[in-house]
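**Q** Mind having a look at this structure? Questions to follow.
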Amino acid sequence: MRVKTLLCVFSMCILLSCGTVTQESLLRQSELYASRIAFGWEKLGSFQLRGSARLQGSNLVARGPFVLWGHAEEGLLRGDFFGPDGRPVISIKGDSTGILIYMPGDEYASFTPG
Numbered sequence: 014m015r016v017k018t019l020l021c022v023f024s025m026c027i028l029l030s031c032g033t034v035t036q037e038s039l040l041r042q043s044e045l046y047a048s049r050i051a052f053g054w055e056k057l058g059s060f061q062l063r064g065s066a067r068l069q070g071s072n073l074v075a076r077g078p079f080v081l082w083g084h085a086e087e088g089l090l091r092g093d094f095f096g097p098d099g100r101p102v103i104s105i106k107g108d109s110t111g112i113l114i115y116m117p118g119d120e121y122a123s124f125t126p127g
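In the working numbering, the protein residues as written are 14 to 127.
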């Protein structure tokens with residue numbers, strides 16, 4: 014259940030970072046992602062989402078593709094955000110033990126226990 018909560022929060026972060034301008038387009042995008050996640054999680058035991066996102070932080074701005082994987086049986090969530098050069102900017106892994114965030118360019122990792 015904790016992974017499902019993490020998945021919902023992570024998905025909302027993706028949606029909010031995708032540069033959606035109107036409330037209608039945000040709703041359409043969230044319905045699309047939610048239906049893909051729900052179908053994959055409940056029927057297949059796993060899912061994969063691909064898209065484009067914009068990441069912005071105090072010292073980080075990147076725009077590029079992202080991939081998000083989830084596996085229900087293992088309770089695993091894994092995501093990668095890639096920069097325009099195709100290299101990962103941020104990698105995220107979450108399971109029942111916690112959430113690991115890794116930023117290869119900064120050689121920085123952070124683990125939050127679950």
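Glycine is no exception: its CB is placed at the ideal position from the N, C-alpha and C atoms.
Fair warning: this is a prediction, and the values are worked out from it, not measured in the lab.
Which residue marks the beginning of the beta strand (DSSP E) containing G88, and which one marks its end?
**A** Within the sequence shown, numbered from 1, the residue matching residue 88 stands at position 75. Segment: none, G88 is in no beta strand (DSSP E) and carries neither H nor E.
**Q** Any heavy atom of the ligand MG within a distance shorter than 7 Å of the CB on S109?
**A** For the ligand MG, the structure offers nothing, since it holds no ligand at all.
**Q** What residues in its chain sit with their C-beta under 6 Å from that of V80, if we drop five residues either side in the sequence?
**A** The sequence position of residue 80 within the sequence shown is 67, counting from 1. Correct list, in chain order: R63, D93.
**Q** Beta-carbon within less than 7 Å of R15's beta-carbon, same chain only, minus the 5 sequence neighbours each way: which residues are those?
**A** Along the sequence shown, one-based indexing puts residue 15 at 2. Because the pLDDT of R15 is 48, which lies under 50, any placement of that residue in the model is unreliable, and the number read from its coordinates should be weighed accordingly. Hits under 7 Å: S109, G127.
**Q** Check whether the Cβ of H84 lies closer than 8 Å to any Cβ atom in chain D.
**A** You won't find chain D in this structure, because it holds only one protein chain.
**Q** In terms of residues, what are the limits of the beta strand (DSSP E) holding D98?
**A** For the purposes of this step, residue 98 is taken as the residue at position 85 of the sequence shown. D98 -> no beta strand (DSSP E), and no H or E assigned at all.
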